[in-house]
Amino acid sequence: MLEITNLHAKVEDNEILRGIDLKVNAGEVHAIMGPNGSGKSTLAGVLAGRPIYEVTAGGVTYDGKDLLGLSPEDRAREGLFLAFQYPVEIPGVSNMYFLRSALNTGRRHRGLDELDAMDFLRMVRGKMKLLGMDESLMNRSVNEGFSGGEKKRNEIFQMAVLEPRLAILDETDSGLDIDALKVVAEGVNALRAPQRAIIVVTHYQRLINYIVPDFVHVLYNGRIVKSGDRQLALELEQKGYGWLGIPNGTLSPAAVAGAESVLAR
Amino acid sequence: MSGATTTLSAGMLDQADVYLAGFEAVEKRWAGAPGWLRELRRGAMARFTELGFPTGKLEEWKFTSVAPIARTRFHPAQPDSRPVRLPAAVPAGAPHVVFLNGRYSQAQSNLGGLPPGVRVGSLAEFLKNGRAEEHLARYAAWREEAFVALNTALAEDGAFIEISRGTVLREPIYMVFCSTPSGEPAMLHPRNLILAGEASQAAIVEVYAGDAGGNYFTNAVTELLAGETAVIEHYKLQQESQEAFHVATLQVRQQRSSNFAAHSVSLGGALVRNNVNAVLDGDGAQCTLNGLYLVGGRQHVDTHTVLDHAKPHCGSREYYKGILDGRSSAVFNGGIVVRKDAQKTDAIQSNKNLLLSEDAVINTKPQLQIWADDVRCTHGATIGQLDSEALFYLRSRGIGHDRARHLLTFAFANDVLGRMKLEELRAHLERQMFACRR
Ligand SMILES: Nc1ncnc2c1ncn2[C@@H]1O[C@H](COP(=O)(O)OP(=O)(O)OP(=O)(O)O)[C@@H](O)[C@H]1O
Ligand SMILES: [Mg+2]
Numbered sequence: 001m002l003e004i005t006n007l008h009a010k011v012e013d014n015e016i017l018r019g020i021d022l023k024v025n026a027g028e029v030h031a032i033m034g035p036n037g038s039g040k041s042t043l044a045g046v047l048a049g050r051p052i053y054e055v056t057a058g059g060v061t062y063d064g065k066d067l068l069g070l071s072p073e074d075r076a077r078e079g080l081f082l083a084f085q086y087p088v089e090i091p092g093v094s095n096m097y098f099l100r101s102a103l104n105t106g107r108r109h110r111g112l113d114e115l116d117a118m119d120f121l122r123m124v125r126g127k128m129k130l131l132g133m134d135e136s137l138m139n140r141s142v143n144e145g146f147s148g149g150e151k152k153r154n155e156i157f158q159m160a161v162l163e164p165r166l167a168i169l170d171e172t173d174s175g176l177d178i179d180a181l182k183v184v185a186e187g188v189n190a191l192r193a194p195q196r197a198i199i200v201v202t203h204y205q206r207l208i209n210y211i212v213p214d215f216v217h218v219l220y221n222g223r224i225v226k227s228g229d230r231q232l233a234l235e236l237e238q239k240g241y242g243w244l245g246i247p248n249g250t251l252s253p254a255a256v257a258g259a260e261s262v263l264a265r
Numbered sequence: 266m267s268g269a270t271t272t273l274s275a276g277m278l279d280q281a282d283v284y285l286a287g288f289e290a291v292e293k294r295w296a297g298a299p300g301w302l303r304e305l306r307r308g309a310m311a312r313f314t315e316l317g318f319p320t321g322k323l324e325e326w327k328f329t330s331v332a333p334i335a336r337t338r339f340h341p342a343q344p345d346s347r348p349v350r351l352p353a354a355v356p357a358g359a360p361h362v363v364f365l366n367g368r369y370s371q372a373q374s375n376l377g378g379l380p381p382g383v384r385v386g387s388l389a390e391f392l393k394n395g396r397a398e399e400h401l402a403r404y405a406a407w408r409e410e411a412f413v414a415l416n417t418a419l420a421e422d423g424a425f426i427e428i429s430r431g432t433v434l435r436e437p438i439y440m441v442f443c444s445t446p447s448g449e450p451a452m453l454h455p456r457n458l459i460l461a462g463e464a465s466q467a468a469i470v471e472v473y474a475g476d477a478g479g480n481y482f483t484n485a486v487t488e489l490l491a492g493e494t495a496v497i498e499h500y501k502l503q504q505e506s507q508e509a510f511h512v513a514t515l516q517v518r519q520q521r522s523s524n525f526a527a528h529s530v531s532l533g534g535a536l537v538r539n540n541v542n543a544v545l546d547g548d549g550a551q552c553t554l555n556g557l558y559l560v561g562g563r564q565h566v567d568t569h570t571v572l573d574h575a576k577p578h579c580g581s582r583e584y585y586k587g588i589l590d591g592r593s594s595a596v597f598n599g600g601i602v603v604r605k606d607a608q609k610t611d612a613i614q615s616n617k618n619l620l621l622s623e624d625a626v627i628n629t630k631p632q633l634q635i636w637a638d639d640v641r642c643t644h645g646a647t648i649g650q651l652d653s654e655a656l657f658y659l660r661s662r663g664i665g666h667d668r669a670r671h672l673l674t675f676a677f678a679n680d681v682l683g684r685m686k687l688e689e690l691r692a693h694l695e696r697q698m699f700a701c702r703r
């Protein structure tokens, strides 16, 4: 489904991705881990088409098509979805209107009828319940004034409504308490299907307990330095990154987890 | 008349003969008018020729050149009695007075269903019956402002609305000014007078619309008196033809504890100047100025507002937003005057601008003159572009680039529309804004 070959990308003259190779087949779940600043969000952003990144070498095919040649909106219409690490607030655009527009552009693209406000509401109600989303959030501006947890839920809710074929979740688990994490994981698992693939970017084993990946990759300094199965995530949780030759001074996931749980309080 | 003629020949006015001829024609048509009215017109004409059209040397006109108006030979707009289609903003059933090329059209107006206690009609009719002396030209500054002077000299018609004490209007009244193109550039000088009595309540909508391609000059003046404790909402929708010139003054006088709001949406015109002035002339008066200008191409729109706090315990809220695309330009100048006696004044002003293109230019400036010491006045102005993160967020969900830009642009303007209580007008504007910029 997705094939990344020797991908190099830079931001403002800083080379961030330095040769990524990754193959994701339909039905698979991949976890990408790695210390802060290693390039995880950059990879996710390049795949979704964030304009600030410039691809300098390599390529990506998605369903055999040249992904990098598509606009961000066309990637989304072709079934790619990015759950943002930092969801964006959009004052003045209601969450309901936004999501219905997004859904309807996708439906048009697939030759389906657009949903009117009533049909849309009927369709999303169940998914809101699944994700514990308060209905009042739908009438508020997109992410405006949402708590951190509400923003993350909103990302997964959008994913549940848009039903992408390739979902990339960038630290959707960060900052969530364990109950919220379970809810989010449930939302993701509900989407798991033989024709879909999911890439989760995370710092923690925690999420991987709920969304069990087929493969785990460690990204460091713009390259995938290690790949394995879920055992690799367990090992990272126990030993940190040092044994992979990643220098000390980089925060171990456990240390970050500690800091985050303090911050979350 | 000789007085005016002498002054005219002494003036440096461009195209003076056109205005002189126009004035003579007005004098002739109004030969039987009461003396005070003829005096007023004569005085105003003399003042206009003395002042001439404003130049960039005047602080208030620094960023707006009216040279294209000054050099054009405008002819008085010709009467047109063909039926016109009312602008879409005007609901068919709502009470409306219609002016075609500056003249009252009884056939197009619909004043049925108005409750007792309100009179709506043609100012010309009202002047002929002669009772406006107390109010006409008592509020708008024709001695200082050339365009107001010109209007005062040449205006022959416009809307007259009188709402008697305690009358509450449930339905808005629409004043509609339509211009149809004629071969040569035409000028119109609508003059409106709105008298809202003590404890009255009403919403009044002024709509200016012109057929595409119409090259004309609207020079409008509206005077509005809000009596004690009156609650008045005034709306102005300016959607002149893209070639038109539009200069307008809304001059408001507020009495004790009145509550007045002026909502303004400016969409059309090649060169537009909107003056909105309110004098808070009674204790506890509240005034809201809420406006949006949306321009593209080579349009220029200039908004000058003055909130004159003359008495204590008054509050004013001013929120203006601008959206500029193409090579358009805009000016916002927000004046707040707090007189010596106006203690406990509470004034907030904000002007925010969204530039959609690198070639658009905005000049924004607050202008505060505060003579009292116990007051709260805050002001702020911003100039920004569309948020690129928000744009990417929308696109990443499949919403196309143009539509995403449009959505964000609309979101920017949303709170201005949200302040408009008149649901039907707000809904119309929302539709129109979505239509005009895909
Ligand atoms: N807009 C930008 N301009 C300049 N440098 C950037 C920009 N965005 C990211 N970077 C840099 O690129 C590197 C990789 O950042 P990225 O966000 O991809 O890391 P990450 O692996 O997602 O980290 P984290 O775990 O903290 O989210 C970092 O050194 C970061 O400072
Ligand atoms: Mg990141």
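Read top to bottom, the protein sequences are chains A and B.
Note that the working numbering numbers the first sequence so that position 233 is 233, with each residue one more than the last.
So the mapping is simple: the working numbering equals the position in the second sequence, first residue as 1, plus 265.
Note that CB positions come from ideal geometry on N, CA and C, so glycine has one too.
Residue environment, residue i, which counts as buried when at least 16 other CB atoms sit within 10 Å
i        : result
MET138/A : buried
ARG347/B : exposed
LEU103/A : buried
ASN25/A  : exposed
PRO446/B : buried
ALA575/B : buried
GLN519/B : buried
ARG75/A  : buried
LYS501/B : buried
TRP243/A : exposed
ASN540/B : buried
ASP639/B : exposed
MET123/A : exposed
GLY549/B : buried
ASN6/A   : exposed
ASN14/A  : exposed
ARG153/A : buried
Start-to-end residues for the alpha helix (DSSP H) that takes in residue i
i        : result
ASN14/A  : It is not in any alpha helix (DSSP H) - ASN14/A instead sits in the beta strand (DSSP E) that spans 14–24.
LEU244/A : Segment: none, LEU244/A is in no alpha helix (DSSP H) and carries neither H nor E.
PRO333/B : 332–335
ASP667/B : 666–683
ILE211/A : No alpha helix (DSSP H) contains ILE211/A, which DSSP labels as neither H nor E.
LEU434/B : First-last for LEU434/B: undefined, no H or E at that position.
VAL46/A  : 40–48
ASP567/B : Here ASP567/B belongs to no alpha helix (DSSP H); instead the beta strand (DSSP E) covers 565–574.
VAL413/B : 411–419
ALA491/B : That residue, ALA491/B, is in no alpha helix (DSSP H); its beta strand (DSSP E) goes 481–491.
Closer than 7 Å to chain E by CB, residue i
i        : result
ASN616/B : Among the protein chains in the structure shown, which are A and B, there is no chain E.
Proximity test, residue i beta-carbon vs ligand 3 heavy atom, cut-off 6 Å
i       : result
GLU12/A : In terms of ligand content, the structure shown lacks ligand 3 and carries ligand 1 and ligand 2 instead.
Boundaries of the beta strand (DSSP E) in which residue i is found, first to last residue
i        : result
GLY92/A  : 90–94
ARG122/A : Not the beta strand (DSSP E): ARG122/A falls in the alpha helix (DSSP H), residues 117–130.
VAL602/B : 594–603
ASN583/B : Correcting the residue type first, residue 583/B is Glu in the shown sequence and not Asn. Here the beta strand (DSSP E) through GLU583/B covers 580–589.
LYS226/A : 223–228
LEU2/A   : 2–11
ASP736/B : Residue 736/B lies beyond the residue range present for chain B, which begins at 266 and ends at 703; the question has no answer from this structure.
Any beta strand (DSSP E) of 3 or more consecutive residues that is wholly inside the region 337–409 of chain B: 361–365, 368–375, 383–387
At least three beta-carbon pairs within less than 8 Å, the region 652–665 of chain B to the region 81–94 of chain A: Flag = yes, the region 652–665 of chain B and the region 81–94 of chain A touch.
The region 369–381 of chain B touching the region 467–476 of chain B, judged by at least three CB pairs closer than 8 Å: no
Three CB pairs or more closer than 8 Å across the region 352–369 of chain B and the region 303–319 of chain B: no
Residue list, Cβ distance to ligand 2 heavy atoms smaller than 7 Å: Selection output, chain order preserved: LYS40/A, SER41/A, GLN85/A, ASP170/A, GLU171/A, VAL201/A.
Inside the region 156–195 of chain A only - beta strand (DSSP E) runs reaching at least 3 residues: 166–170
Any 3 or more C-beta pairs closer than 8 Å across the region 39–58 of chain A and the region 627–646 of chain B: Too few Cβ pairs lie closer than 8 Å, so no.
Inter-stretch contact at 8 Å, needing at least 3 Cβ pairs: the region 56–65 of chain A / the region 133–152 of chain A: no
Segment contact, 8 Å Cβ cut-off, at least three pairs: the region 112–120 of chain A with the region 191–205 of chain A: no
The region 430–448 of chain B touching the region 318–337 of chain B, judged by at least three CB pairs closer than 8 Å: Too few Cβ pairs lie closer than 8 Å, so no.
At least 3 beta-carbon pairs within less than 8 Å: the region 547–561 of chain B vs the region 514–534 of chain B: yes
At least three beta-carbon pairs within less than 8 Å, the region 474–482 of chain B to the region 384–404 of chain B: No contact exists between the region 474–482 of chain B and the region 384–404 of chain B.
Inter-stretch contact at 8 Å, needing at least 3 Cβ pairs: the region 575–593 of chain B / the region 618–627 of chain B: With the rule of 3 Cβ pairs closer than 8 Å, the region 575–593 of chain B counts as touching the region 618–627 of chain B.
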